[in-house]
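**Student:**
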Amino acid sequence: MNFFSAPEFKVGLLVLIVAGIISGMALSVSSDSSYLGSHKNAWFLIDDASGLIEKSGVRMAGIRVGQIKKVGLENGQARVEMMLDGDVPITKSVRIEIRPNGILGDKHVELIAGDPRDPPLRSGEQILVV
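Quick note on my numbering: the sequence shown kicks off at 2 and runs consecutively.
(1) For Gly67, which three-state DSSP category applies?
(2) Are Phe45 and Ile99 close, meaning C-beta to C-beta below 7 Å?
(3) Looking only at DSSP bridge pairs, what is Pro121 linked to?
(4) For the region 54-74 against the region 108-118, are there 3 or more C-beta pairs whose distance is under 8 Å?
(5) Are three or more beta carbon pairs between the region 83-92 and the region 63-73 nearer than 8 Å?
(6) What does a CB cutoff of less than 6 Å around Lys93 pick up in its chain, not counting 5 residues either side in sequence?
(7) When you compare only the Cα positions, how much space is there between Glu126 and Lys41?
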């Protein structure tokens, strides 16, 4: 009996194909951009990070371009780590503003574009102007 023509092999192959298709569809609709496409990380220090939580939005010109990955303490200040979409054109002169989302107290990070002639911010670098 040929192994590849056995009914068990055909059923197993079908299950693997269907599982692959479902996994691909789930990743394509996921809101976490780390699964698909490129992304870059950036971080900044701020005195008061109240209202900022993990998975809060990061926006530029009102458009969501990433999310907060982690909020922690570093030398008495809050360190906010972000994951940004890879195609977001940010330079080293980008500024950070913390803005409210609504009346409930939650906030988001707003990136204010810097001078486009400045060098681009590389993944993992600190944003200095807060």
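Think of the CB as a built atom: it goes at the ideal place given N, C-alpha and C, for glycine as much as any other residue.
These numbers were taken from a predicted model, which means no experiment stands behind them.
**Tutor:** Working from what's here:
(1) Looking up residue 67 in the sequence shown gives position 66. If DSSP states are grouped into helix, strand and coil, Gly67 belongs with the strands.
(2) Here residue 45 is taken as the residue at index 44 of the sequence shown, counted from 1. Here residue 99 is taken as the residue at index 98 of the sequence shown, counted from 1. Contact flag unset, no.
(3) The residue you call residue 121 lines up with position 120 of the sequence shown. In DSSP, Pro121 forms a bridge with Thr92.
(4) yes
(5) yes
(6) In the sequence shown, residue 93 corresponds to position 92, counting from 1. Asp119, Pro120, Leu122.
(7) The sequence position of residue 126 within the sequence shown is 125, counting from 1. The sequence position of residue 41 within the sequence shown is 40, counting from 1. Glu126 and Lys41: Cα-Cα distance of roughly 9 Å.
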